[in-house]
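In the numbering used here, the protein residues as written are 921 to 1172.
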Ligand SMILES: [Zn+2]
């Protein structure tokens, strides 16, 4: 077949992924190519794309482009969605996550807010994709090649390297601000914590803790005990820092 050109326009913050960061690109193709492959060939993972218009009409990732075309690519934007609400490609209300092995601090922050995040520092890329697909968890990563895996349905590329900023990014992308359940989840293993009577945990406590603290939670999976003040005050400060940052971003 004869070669052809496609012209792409990337909207919103999708230019973050492009080098140079120009909204307009032209690609020369010599064979039929899926629109997913064309977009990812420009550096933008499909998990970041919420709407594709080919010649002004909505298209799926599997749409094959075989001739000269104009393609517009839109990011996930905050609700409410106005144009083409029926043709959006990303799910917004994901409430479960899996994080790749470099994101321990982000994982801790999200669990602190009660958000369900699976994390195994040793999980390799195929395993992360498998967990994401089989458990319908959105994959959080800074590896954009990983997000281009065709079996991956939900994911998010963290723009910042700062854990606090990353936490706010995830909350905004998946509309989690009303889903917090602070101190509800084990920071070490992600299990939902249970209230524990003091008598049941007293053997595991330091002498001063035994005297001063009365409220306890225990992880039913790994046995970690959490108690008020010493743990909770420090953690509460972290939650407040996250919430301050969310408010600052809303104002901006
Ligand atoms: Zn635990």
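Just so you know, even glycine gets a beta-carbon here, dropped at the ideal spot from N, CA and C.
All figures in this text were calculated on a predicted structure; none of them were measured in a lab.
Q.
Quick check on residue 1029: buried or exposed, where buried means 16 or more other Cβ atoms within 10 Å of its Cβ?
A. Locating residue 1029 in the chain shown gives position 109, where the first residue counts as 1. By the 16-neighbour rule on beta-carbons within 10 angstroms, residue 1029 is buried.
Q) So is residue 1041 in contact with chain C if we call contact Cβ pairs under 8 Å? A) No chain C is present in this structure, which holds just one protein chain.
Q | Minimum C-alpha distance to residue 972 - residue among 1097, 961, 1031 and 994 | A | Numbered from its first residue, the chain shown carries residue 972 at position 52. The shortest C-alpha to C-alpha distance from residue 972 to any of 1097, 961, 1031 and 994 is the one to 994.
(Q) Let's test the definition: count the other Cβ atoms within 10 Å of the Cβ of residue 922 and tell me whether it reaches 16, buried, or not, exposed. (A) Sequence index remark: in the chain shown, residue 922 carries index 2 (1-based). By the neighbour-count rule (16 or more Cβ atoms within 10 Å), residue 922 is not buried but exposed.
**Q.** Rounded C-alpha distance that separates residue 1061 from residue 1157
**A.** For the purposes of this step, residue 1061 is taken as residue 141 along the chain shown, with counting starting at 1. For the purposes of this step, residue 1157 is taken as residue 237 along the chain shown, with counting starting at 1. Computed Cα separation, rounded: 26 Å.
Q: Could you tell me whether the Cβ atoms of residue 1167 and residue 1083 are closer together than 8 Å?
A: The sequence position of residue 1167 within the chain shown is 247, counting from 1. The sequence position of residue 1083 within the chain shown is 163, counting from 1. No. Outside cutoff.
Q: Can you say whether residue 1069 is buried or exposed, counting buried as having 16 or more other CB atoms within 10 angstroms of its CB?
A: Residue mapping note: residue 1069 aligns to position 149 of the chain shown, counting from 1. Counting Cβ neighbours within 10 Å, residue 1069 comes out buried, since at least 16 surround it.
Q) Going straight from the alpha carbon of residue 928 to that of residue 1050, what length do you get? A) As a first step, residue 928 must be located in the chain shown, where it is residue number 8. As a first step, residue 1050 must be located in the chain shown, where it is residue number 130. Straight-line Cα distance between these residues: approximately 31 Å.
Q. By DSSP, does residue 1005 sit in helix, in strand, or in coil?
A. Counting from 1 along the chain shown, the entry for residue 1005 is found at position 85. The three-state secondary structure of residue 1005, taken from DSSP, is helix.
Q: Could you tell me if residue 1065 is buried or exposed, where buried requires 16 or more neighbouring beta carbons within 10 angstroms of its beta carbon?
A: As a first step, residue 1065 is located in the chain shown; it is residue number 145 there, counting from the start. When all chains shown are included, residue 1065 counts as exposed.
Q. Is residue 1101 near ligand 1, in the sense that its beta carbon is under 7 Å from a heavy atom of that ligand?
A. Against the chain shown, residue 1101 aligns to sequence position 181. No.
Q) Counting Cβ pairs closer than 8 Å, one from the region 1016–1025 and one from the region 982–996, do we hit at least three? A) No: the two stretches stay apart, fewer than three of their Cβ pairs being nearer than 8 Å.
Q) Are residue 954 and residue 981 touching if we call contact CB-CB under 8 Å? A) Against the chain shown, residue 954 aligns to sequence position 34. Against the chain shown, residue 981 aligns to sequence position 61. Yes, the pair counts as a contact, with Cβ atoms nearer than the cut-off.
Q.
Could you check if residue 1111 belongs to the surroundings of ligand 1, using beta carbon to heavy atom distance under 7 Å?
A. Sequence index remark: in the chain shown, residue 1111 carries index 191 (1-based). Result yes, Cβ under 7 Å from ligand 1.
**Q.** beta strand (DSSP E) segment containing residue 1018, residue limits
**A.** What you label residue 1018 is simply residue 98 of the chain shown in a count that begins at 1. Per DSSP, the continuous beta strand (DSSP E) segment holding residue 1018 begins and ends at 1016–1019.
Q. Mind checking whether the beta-carbon of residue 1060 lies closer than 7 Å to any heavy atom of ligand 1?
A. For the purposes of this step, residue 1060 is taken as the residue at position 140 of the chain shown. No, the Cβ of residue 1060 stays beyond 7 Å of every heavy atom of ligand 1.
Q) Around the Cβ of residue 1122, are there at least 16 other Cβ atoms within 10 angstroms (buried) or fewer (exposed)? A) By one-based count along the chain shown, residue 1122 stands at place 202. It counts as exposed.
Q.
For residue 967, report the span of its alpha helix (DSSP H) as first-last.
A. Counted from its first residue, the chain shown places residue 967 at position 47. From DSSP, residue 967 is part of no alpha helix (DSSP H); its letter is neither H nor E.
Q.
Just checking residue 1141 against ligand 1 - is the residue's beta carbon closer than 7 Å to any of the ligand's heavy atoms?
A. For the purposes of this step, residue 1141 is taken as the residue at position 221 of the chain shown. Indeed, a heavy atom of ligand 1 lies less than 7 Å from the Cβ.
Q. Straight-line CA distance for residue 924 to residue 965?
A. As a first step, residue 924 must be located in the chain shown, where it is residue number 4. As a first step, residue 965 must be located in the chain shown, where it is residue number 45. So the two alpha carbons sit approximately 23 Å from each other.
Q: Indicate the three-state DSSP secondary structure (helix, strand or coil) for residue 1161 in the structure shown.
A: Working through the chain shown from its first residue, we reach residue 1161 at position 241. In the structure shown, the three-state DSSP call for residue 1161 is helix.
Q: Could you tell me whether any non-hydrogen atom of ligand 1 is closer than 7 Å to the CB of residue 1108?
A: Along the chain shown, read from residue 1 onward, the residue named residue 1108 stands at position 188. Within the cutoff, so yes.
Q: Using the DSSP secondary-structure output, state which residues sit across from residue 948 in a beta bridge.
A: Numbered from 1 along the chain shown, position 28 holds the residue referred to as residue 948. For residue 948, which the question treats as bridged, DSSP gives the partners 925.
(Q) I'd like the ranges of any alpha helix (DSSP H) spanning at least 4 consecutive residues and lying wholly in the region 1085–1154. (A) Here the runs fully enclosed are 1118–1121 and 1127–1132.
Q: Compare the Cα-Cα distances from residue 997 to each of 952, 931 and 1037 and report the closest residue.
A: In the chain shown, the residue the question calls residue 997 occupies position 77. In terms of Cα proximity to residue 997, the closest of 952, 931 and 1037 is 931.
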